[in-house]
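**Student:** Taken in sequence, the protein lines are chains A and B.
For the record, in the first sequence the residue sitting at position 725 is 725 according to my numbering, with numbers rising by one throughout.
For the record, in the second sequence the residue sitting at position 13 is 1013 according to my numbering, with numbers rising by one throughout.
All C-beta atoms in this analysis are idealised placements derived from N, C-alpha and C, irrespective of residue type, glycine included.
Take this structure, written in structure tokens, and hold onto it; I'll ask about it next.
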Amino acid sequence: MSDLDEFKATYFDECSELLTELEEQFAAIEAGERDADRLNAVFRAIHSIKGGAGAFGFSALVGFAHAYETLLDYVRDGRIEMSDDVVTLCIRANDIVADHVSAARTGEVLPAEYGLDEKARFDALARGESIEDEDENGEPLEEFDFEFTPVMVNLDAVGPSDAFEMGDAFDLDDAFDSAPLQAEVGHWEINFTPHRALYARANDPLLLFRELAALGDMHVRAVLRDIPPLAEFEPFDVYCSWEISLVSASVTEALIREVFEFVEGDCDIVIAQVGDVPMAQPKPVFVEPEVEAVVEIEEPPADLLALADDEVADLLSLVSELTTTPTAEPLPDVLADPVQDIFDEAPVMSFAELAASIPPPPPKPAPVAPVRAMAPASDSEESTGRSVGVQSIRVDLDKVDRVVNMVSELVITQSMLTQQMDEALRAKYTELVRGLEVLAQTTRGLQDSVMAIRAQPVKSVFSRMPRLVRELSSQTGKKIRLETVGENTEIDKTVIEQLSDPLTHMIRNSADHGIESPEKRVAMGKSETGTVRLSAEQSGGNILIAVEDDGAGINRERVLQLARDKGIVAPDVQPTDEQIDQLIFAPGFSTAEALSDISGRGVGMDVVLSNIKKIGGSVHVRSWTGKGTRMTLRLPLTLAVLDVMLVKVGPSPYVVPLSSIVETIQCSRASFERVPSGGQVLQVRGEYVQVIDLATRFGMASEHASESRFVVLCEAEGNSKVALIVDDIIGQQQVVIKSLEENFERVDGIAGGTILGDGNVALIVDVQGLKTNVVHKSAA
Amino acid sequence: MMMEALSLRDDMADNSAASAQNSLQLIAFSIGEQTYGVEITTVREIRAWNGATPLPNTREFVRGVINLRGTIVPIFDLRARFGDGQTSPTKNHVVVVMSVGDKWVGLLVDAVSDILTVSKDDIHNVPEGNSIDTELLNGIVTHDNRMVGLIDLHAVISGVRAES
């Protein structure tokens, strides 16, 4: 892999995280949390995606992200209200960004008009509110846009301020919605001259200005006097610099420096604090960063004194609105004549500093807000911002997998050692026994910790589903609402990866076949909008993930009829309702195209079943006619290790997952009864349970006499039970699950394999599979 | 993991130095009087028979699965596959572990007999017919007056489920 490919891979990893974050943020925004933090997080995410895309030359993505960013910027500025329409548009935009990212990843080329509608709407929204259209054209990234609109800029028409020596300066004040404040008061003067390297590192001065603007009232002037004649113009050189004046009370030089922290070395920055001096000097004076250029105000300037009290009040409230920096020193009391008194007491402060220390006259001091409510622009800063208090590293999954595998082998070795200590040895070597016990504990702890590394909240899969539901909703014309519960439930990373497809199928199924059309729903007395509820919870050693809908439920007659037609169920068998529901997962049931138009279920559901089985899970479906359907996935917490009971069937060892075992009974004590079909049932506390003799079922001759055999009572899906007859019970242990399908294929009744302490392979009994197969078997 | 196979190939290096692309190297193994061969590049490992855990609901030529350094590998009884009944394996029987596509499988055979270099031109089609041989062989090569059947691994490992 070349370096570039690696960078790209990292970028795409980050993109998927950022897109997930976008989904999360908008879920909250949709729920009404329209605060600045959310908006900033969205802005950051889009900006990071754009930044990387620019570096790799994904121009379509950059173009779209840029337009989106502009809109977000306006929302942030308050020029556009975060209305429901805007939220909807943004959510759609997230989808488009996601599509662009995946197109960039796969190298696919999206149609040129893709996303143009939305982009046009951004532009329209932005124009509708913006002061001047030209605003955006001043931005350096404009050339990435889809449509290029040349804009005539009449430099002569731009009126340079007379205090400013710049016949060729271009006033960008409008872009920052200048407040009525002018430069007469004390302010910071910043000369910012970017070098080539700054652009080469994909930094954008505009973002720095935005951050500065967050600190106070800002004026920016672009210094264009160095632009050479076109003939000498070197496209990659930098000819533009900026002069910024920042009127802000509480801003310190350090804060300003911080804004430029990430471009340090790639530009010249001169920061000077100016009191009553005119706004710009003819030549920028370089001030060493350490030197605080505090200008003493011995006497307030005449024009300042002219400011009436009202104006001061306005000004102060404005300043405290703009500044969000907590003031270090205690705030002085509100004085009768604040300005004058403070001038008397503290003459060595700039006006800007003074203003900060005075609370706005009518209300009490502005609440202390986070120092930087505005988005930090750079990626590295962003990541630190996101993970406050949690330190994390990004590790290649392969490396973690290797550790997991080794721990698994350790678990096997440990259980092998324990297994081989027979009673005689135990009595003799007590120290060794104790050591083995400690080893067992440590192994267990190590294993738990390693598994915890791989555990992730299911959020990463769940967050993809709102988009799916939106798409389905628009495709089917149904109104569907998605509810998610328990998205912080953690589950093994490999399990999560396998979840996406099954969940997609299940939700699609709910939307396609479960939820009725709005008219039909209203006619049935239901709400117009159908609800699909996606939930996750931990239950013992399993994770239960359920997709529920409040739709029509499974049309059992149709399903049974189709199953009979296809020979899945014999004509003389009458399955229970529950068995019929389960039929939608039957292999072969859903493959025929003719079934796709049924009003019941069955499109692609065998895919769900096979995917879930592959990761050692099971699926259960429950339906209530007219009320809805619930599909539950039961998944192992981890794929690697399982607590099992080791049993013997004929000559071979088998393991039964401990999590499904209810109890074990000696055959002689169990009360079996014959049923007319010739099978056996077991009566356990008044309940009749289906009996499966594993030796018969697996075609293994049993050498044991029936009285020494055991019944293992297991719980299958939906609280139904099944009794397995085995020849012997060997004991409990931990095993590492190995796939049979890796080198072979699925075997009925077997969920996988495992390696025992003696190096032999034992097969894992698929309890659910054995039980559900009964219906199909009797059909065959 | 590749050691055995690699060393086999190293041994062959001298013999095969002269052989161009037109030749094929085979590992030959025997089942009773019959000799069969597979291309040497597919062979990963040769190991002694040490039992296998039987798989339920599979046909008789699936002997079960073994643990190959942490991976579960199915073992196919080649004699049974050719319809001659299951092998009664002893410690002297051999499992040839091969890769078929991305899967690893083991073939239970009586013994590994030789490494052969044959010319591709010498490969003949299997005579048409309804026999199992036709289905399971890719071709026939004559070597030192012996007939060597070229195993079609994909065919050998297919159809494993027991008919119920």
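#1: Pick from A:LEU255, A:ARG533, A:VAL619 and A:VAL644: whose alpha carbon is nearest that of THR632 of chain A?
#2: What in chain B is Cβ-close to SER652 of chain A, meaning under 7 Å?
#3: Closer than 8 Å by beta-carbon distance: list the chain A residues that pair up with ILE1072 of chain B, in chain order.
#4: Can you name the residues that DSSP bridges to VAL86 of chain A?
#5: Between A:ARG685, A:ASP748 and A:VAL689, which lies nearest to GLY679 of chain A when the distance is taken from Cα to Cα?
#6: Return no unless some Cβ of chain A is closer than 9 Å to the Cβ of THR1058 of chain B.
#7: Could you give the first and the last residue of the continuous beta strand (DSSP E) run that contains PRO1127 of chain B?
#8: Please state if the CB of SER535 of chain A and the CB of VAL486 of chain A are separated by a distance shorter than 9 Å.
#9: Expressed to the nearest angstrom, what Euclidean distance is found between the alpha-carbon atoms of SER463 of chain A and ILE244 of chain A?
#10: Would you mind sorting HIS1124 of chain B into buried or exposed? The rule is 16 or more other CB atoms within 10 Å of its CB.
#11: Please state the DSSP three-state secondary structure of GLN456 of chain A.
#12: Find the residues of chain B that neighbour ASP748 of chain A, judging by a C-beta separation of less than 7 Å, and give them in chain order.
#13: Please list, in chain order, the chain B residues whose beta carbon lies closer than 9 Å to that of MET700 of chain A.
#14: Please report the distance separating the alpha-carbon of SER392 of chain A from that of THR10 of chain A.
#15: Taking the alpha carbon of GLN441 of chain A as the reference point, which residue from A:VAL238, A:GLN414, A:GLY628 and A:LEU72 has its own alpha carbon closest?
#16: Which ranges does the alpha helix (DSSP H) cover as unbroken runs of at least 4 residues, wholly within the stretch 690-740 of chain A, from first to last along the chain?
#17: Which chain B residues sit within Cβ distance under 9 Å of GLU409 of chain A?
#18: With DSSP collapsed to three states, give me the class of SER16 of chain A.
#19: Please report the straight-line C-alpha distance between ALA214 of chain A and SER408 of chain A, rounded to a whole angstrom.
#20: Measure from the C-beta of GLY1085 of chain B to each C-beta in chain A and report whether the shortest distance is under 9 Å.
#21: Quick one: which residues of the stretch 1084-1109 of chain B get their C-beta closer than 8 Å to a C-beta of chain A? List them in chain order.
#22: Kindly indicate which three-state DSSP category ILE1157 of chain B falls into: helix, strand or coil?
#23: Report yes if the C-beta distance between VAL656 of chain A and CYS714 of chain A is below 9 Å; otherwise report no.
#24: Within a Cβ cutoff of 8 Å, which residues of the same chain sit near ARG1161 of chain B, ignoring the five residues on either side of it in sequence?
#25: Pairs of beta-carbons, one from the stretch 253-266 of chain A and one from the stretch 193-203 of chain A, closer than 8 Å: are there three or more?
#26: If we count the other Cβ atoms within 10 Å of its Cβ and call it buried at 16 or more, is ARG1063 of chain B buried or exposed?
#27: Could you compute how far the alpha carbon of ILE256 of chain A sits from the alpha carbon of LEU212 of chain A?
#28: Taking the beta carbon of ASP728 of chain A as the centre, do at least 16 other beta carbons fall within 10 Å, making it buried, or is it exposed?
#29: So, helix, strand or coil for SER114 of chain A, using DSSP?
#30: What residue range does the alpha helix (DSSP H) around TYR199 of chain A cover?
#31: So what's VAL621 of chain A in DSSP terms, helix, strand or just coil?
#32: Would you say ARG34 of chain A faces chain B, with C-beta separation under 9 Å as the test?
#33: Is it buried or exposed for SER668 of chain A, if we count other Cβ within 10 angstroms and need 16 for buried?
#34: By Cβ distance below 6 Å, which residues in the same chain neighbour ARG76 of chain A in space, the five residues on each side in sequence not counted?
#35: What separation, rounded to the nearest whole angstrom, lies between the Cα atoms of SER250 of chain A and ILE46 of chain A?
#36: Thinking C-beta only, is LYS566 of chain A closer than 9 Å to GLY769 of chain A?
**Tutor:** A quick look at the data gives this:
#1: In the first sequence, the residue the question calls residue 632 of chain A occupies position 632. Answer by Cα proximity: A:VAL619.
#2: As a first step, residue 652 of chain A is located in the first sequence; it is residue number 652 there, counting from the start. THR1053 and PRO1054, listed in chain order.
#3: Translated into the one-based positions of the second sequence, residue 1072 of chain B becomes position 72. By Cβ distance, chain A contributes LYS738, SER739, LEU740, GLU742, ASN743, PHE744, GLY753, ILE755 and VAL761.
#4: As a first step, residue 86 of chain A must be located in the first sequence, where it is residue number 86. Looking at the DSSP assignment, VAL86 of chain A forms no beta bridge with any residue, so it has no partner.
#5: Working through the first sequence from its first residue, we reach residue 679 of chain A at position 679. Per the Cα distances, A:VAL689.
#6: Position 58 of the second sequence, counting from 1, holds the residue named residue 1058 of chain B. Interface residue, yes.
#7: Here residue 1127 of chain B refers to the residue found at position 127 when the second sequence is read from its first residue. That residue, PRO1127 of chain B, is in no beta strand (DSSP E); it is neither H nor E in DSSP.
#8: In the first sequence, residue 486 of chain A corresponds to position 486, counting from 1. In the first sequence, residue 535 of chain A corresponds to position 535, counting from 1. Note that residue 486 of chain A corresponds to Gly in the displayed sequence, not to Val. Against a cut-off of 9 Å, the Cβ pair of SER535 of chain A and GLY486 of chain A comes out as a contact.
#9: Mapped onto the first sequence, residue 463 of chain A falls at position 463. Mapped onto the first sequence, residue 244 of chain A falls at position 244. Roughly 42 Å between the two C-alpha positions.
#10: If you number the second sequence from 1, residue 1124 of chain B lands on position 124. Exposed, since its Cβ has fewer than 16 Cβ neighbours within 10 Å.
#11: Along the first sequence, one-based indexing puts residue 456 of chain A at 456. Strand, per DSSP.
#12: Position 748 of the first sequence, counted from the first residue, corresponds to residue 748 of chain A. The contacting residues are ASN1057.
#13: Stepping through the first sequence from its first residue, residue 700 of chain A is reached at position 700. Per Cβ cutoff of 9 Å: PRO1054 and PRO1056.
#14: Here residue 392 of chain A refers to the residue found at position 392 when the first sequence is read from its first residue. Here residue 10 of chain A refers to the residue found at position 10 when the first sequence is read from its first residue. Using only the alpha carbons, I get a separation of about 16 Å.
#15: Position 441 of the first sequence, counted from the first residue, corresponds to residue 441 of chain A. Closest option to GLN441 of chain A, Cα to Cα, is A:GLN414.
#16: 694-697
#17: Taking the first residue of the first sequence as position 1, residue 409 of chain A is located at position 409. Those within 9 Å of GLU409 of chain A in chain B are GLY1070.
#18: In the first sequence, residue 16 of chain A corresponds to position 16, counting from 1. Residue state, collapsed to three classes: helix.
#19: Indexing the first sequence from 1 puts residue 214 of chain A at position 214. Indexing the first sequence from 1 puts residue 408 of chain A at position 408. Cα to Cα, the separation comes out at about 53 Å.
#20: The sequence position of residue 1085 of chain B within the second sequence is 85, counting from 1. Chain A, which has no Cβ nearer than 9 Å to the Cβ of GLY1085 of chain B, makes this no.
#21: LYS1103, TRP1104 and VAL1105
#22: Position 157 of the second sequence, counted from the first residue, corresponds to residue 1157 of chain B. Three-state result, ILE1157 of chain B: coil.
#23: Counted from its first residue, the first sequence places residue 656 of chain A at position 656. Counted from its first residue, the first sequence places residue 714 of chain A at position 714. The answer is yes: Cβ separation under 9 Å.
#24: Start at 1 with the first residue of the second sequence, and residue 1161 of chain B comes out as number 161. Only ASN1057, THR1058 and ARG1059 meet the Cβ criterion.
#25: yes
#26: Reading the second sequence from its first residue, position 63 is the one you call residue 1063 of chain B. Buried is the call here.
#27: Your numbering for residue 256 of chain A matches position 256 in the first sequence. Your numbering for residue 212 of chain A matches position 212 in the first sequence. Going from the Cα of ILE256 of chain A to the Cα of LEU212 of chain A covers about 7 Å.
#28: Within the first sequence, the letter at position 728 stands for residue 728 of chain A. By the neighbour-count rule (16 or more Cβ atoms within 10 Å), ASP728 of chain A is not buried but exposed.
#29: Residue mapping note: residue 114 of chain A aligns to position 114 of the first sequence, counting from 1. It should be noted that the sequence gives Tyr, not Ser, for residue 114 of chain A. In this structure, TYR114 of chain A counts as coil in the three-state DSSP scheme.
#30: Locating residue 199 of chain A in the first sequence gives position 199, where the first residue counts as 1. It spans 196-200 - the alpha helix (DSSP H) in which TYR199 of chain A sits, taken as one unbroken run.
#31: Position 621 of the first sequence, counted from the start, is the residue given in the question as residue 621 of chain A. VAL621 of chain A falls in the strand class under three-state DSSP.
#32: If you number the first sequence from 1, residue 34 of chain A lands on position 34. No, its Cβ sits nowhere closer than 9 Å to a Cβ of chain B.
#33: Numbered from 1 along the first sequence, position 668 holds the residue referred to as residue 668 of chain A. Exposed, because fewer than 16 other Cβ atoms sit within 10 Å of the Cβ of SER668 of chain A.
#34: Here residue 76 of chain A refers to the residue found at position 76 of the first sequence. Result list for ARG76 of chain A: LEU39, in chain order.
#35: Within the first sequence, numbered from 1, the residue matching residue 250 of chain A stands at position 250. Within the first sequence, numbered from 1, the residue matching residue 46 of chain A stands at position 46. Spanning the two alpha carbons is a distance of roughly 30 Å.
#36: Working through the first sequence from its first residue, we reach residue 769 of chain A at position 769. Working through the first sequence from its first residue, we reach residue 566 of chain A at position 566. Against a cut-off of 9 Å, the Cβ pair of LYS566 of chain A and GLY769 of chain A comes out as no contact.
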